[in-house]
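Line by line, the protein sequences give chains A and B.
Using my numbering, read the first sequence as starting at 50 and increasing by one per residue.
Using my numbering, read the second sequence as starting at 13 and increasing by one per residue.
From the three backbone atoms N, C-alpha and C, an ideal C-beta is built for every residue, glycine too.
Notes to accompany the following structure.
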Amino acid sequence: GAVVSQHPSRVICKSGTSVKIECRSLDFQATTMFWYRQFPKQSLMLMATSNEGSKATYEQGVEKDKFLINHASLTLSTLTVTSAHPEDSSFYICSAIPRGRHYGYTFGSGTRLTVV
Amino acid sequence: AQTVTQSQPEMSVQEAETVTLSCTYDTSESDYYLFWYKQPPSRQMILVIRQEAYKQQNATENRFSVNFQKAAKSFSLKISDSQLGDAAMYFCAWGGGSEKLVFGKGTKLTVNP
Chain A
50 GAVVSQHPSR VICKSGTSVK IECRSLDFQA TTMFWYRQFP KQSLMLMATS
100 NEGSKATYEQ GVEKDKFLIN HASLTLSTLT VTSAHPEDSS FYICSAIPRG
150 RHYGYTFGSG TRLTVV
Chain B
13 AQTVTQSQPE MSVQEAETVT LSCTYDTSES DYYLFWYKQP PSRQMILVIR
63 QEAYKQQNAT ENRFSVNFQK AAKSFSLKIS DSQLGDAAMY FCAWGGGSEK
113 LVFGKGTKLT VNP
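As structure tokens, then:
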């Protein structure tokens, strides 16, 4: 089956630094990847949609300069949280859709980001 | 805009019993998919079941089945013979032409031994 690897699973960084989260589709090509943010005991909030080779589409209210998304290949998308602050601490999840398989979402295992 | 509503923040069920989780949605699109995802404490999102809106037959996956009422925009999940491993957050989700998923707020299911 389709597998999405998300790395790292946990990261602690200092305020003001940047941190990069990787999302890889291991056994399929993903034309579209999604990035979500999940606060404790809440649902998933879509942050942005990334398509290979083009700029990400951000949801309303998401700071594109703070959350940089790069979808450089059909198997890799990255989310960089720039100049992180404690309020950026959260659980971030990616998902991917295999090429040609509509609505066949596969989720990564998530990254818990703590900014101290 | 599409919305997904889960009106039960928490539900509990006895092991081996049956429980139904509710979900309603609102959309003007005619072609879409509906999903139930399970999120255990590990926080890995696991697909439980998927329903294509154009299919009248309700989807089933082993102990999991849905009651899809398109006209009423209702999509409930029935879990039969509940097991301890079923305890988790359950999210109902809608996916349409843009392929973006819209999630409900979730229902926390507790399974009592």
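Whose Cβ in chain D lies nearer than 8 angstroms to the Cβ of residue i?
{"i": "residue 81 of chain A", "result": "No chain D is present in this structure, whose protein chains are A and B."}
Can you tell me where the beta strand (DSSP E) with residue i in it begins and where it stops?
{"i": "residue 107 of chain B", "result": "100 to 107"}
{"i": "residue 77 of chain A", "result": "Unbroken run through residue 77 of chain A: none, as it is neither H nor E."}
{"i": "residue 30 of chain B", "result": "Per DSSP, residue 30 of chain B belongs to no beta strand (DSSP E) and is neither H nor E."}
{"i": "residue 119 of chain A", "result": "116 to 122"}
Comparing C-alpha positions only, which one of the options sits nearest to residue i?
{"i": "residue 56 of chain A", "options": "A:164, A:152 and A:126", "result": "A:126"}
{"i": "residue 67 of chain A", "options": "A:92, A:83 and A:117", "result": "A:117"}
{"i": "residue 159 of chain A", "options": "B:46, B:31 and B:51", "result": "B:51"}
{"i": "residue 132 of chain A", "options": "A:163, A:97 and A:152", "result": "A:163"}
{"i": "residue 64 of chain A", "options": "A:161, A:137, A:157 and A:149", "result": "A:137"}
{"i": "residue 81 of chain B", "options": "B:14, B:66, B:108 and B:73", "result": "B:66"}
{"i": "residue 68 of chain B", "options": "B:60, B:75, B:83 and B:89", "result": "B:83"}
{"i": "residue 111 of chain A", "options": "A:97, A:122 and A:72", "result": "A:97"}
{"i": "residue 62 of chain B", "options": "B:55, B:73 and B:56", "result": "B:73"}
Per DSSP, residue i is paired with what?
{"i": "residue 82 of chain B", "result": "Its beta-bridge partners do not exist; DSSP assigns none."}
{"i": "residue 110 of chain B", "result": "Paired residue(s): none; residue 110 of chain B is not in a bridge."}
{"i": "residue 97 of chain A", "result": "A:84 and A:107"}
{"i": "residue 50 of chain B", "result": "B:58 and B:102"}
{"i": "residue 145 of chain A", "result": "A:82 and A:155"}
{"i": "residue 70 of chain B", "result": "Beta-bridge pairing links residue 70 of chain B to no other residue."}
{"i": "residue 55 of chain A", "result": "A:72"}
Given a threshold of 16 other Cβ atoms within 10 Å of its Cβ, counted over all protein chains shown, does residue i qualify as buried or as exposed?
{"i": "residue 59 of chain A", "result": "exposed"}
{"i": "residue 120 of chain A", "result": "buried"}
{"i": "residue 78 of chain B", "result": "buried"}
{"i": "residue 93 of chain B", "result": "exposed"}
{"i": "residue 102 of chain A", "result": "exposed"}
{"i": "residue 30 of chain B", "result": "exposed"}
{"i": "residue 96 of chain B", "result": "exposed"}
Whose C-beta lies closer than 6 angstroms to the C-beta of residue i among residues of the same chain, with five residues either side of it excluded?
{"i": "residue 74 of chain A", "result": "53, 124 and 145"}
{"i": "residue 51 of chain A", "result": "77, 147 and 155"}
{"i": "residue 69 of chain A", "result": "127 and 129"}
By Cβ distance, which residues of its chain are closer than 7 angstroms to residue i, with the 5 residues on each side in sequence left out?
{"i": "residue 100 of chain B", "result": "50, 51, 52 and 121"}
{"i": "residue 115 of chain B", "result": "16, 103 and 105"}
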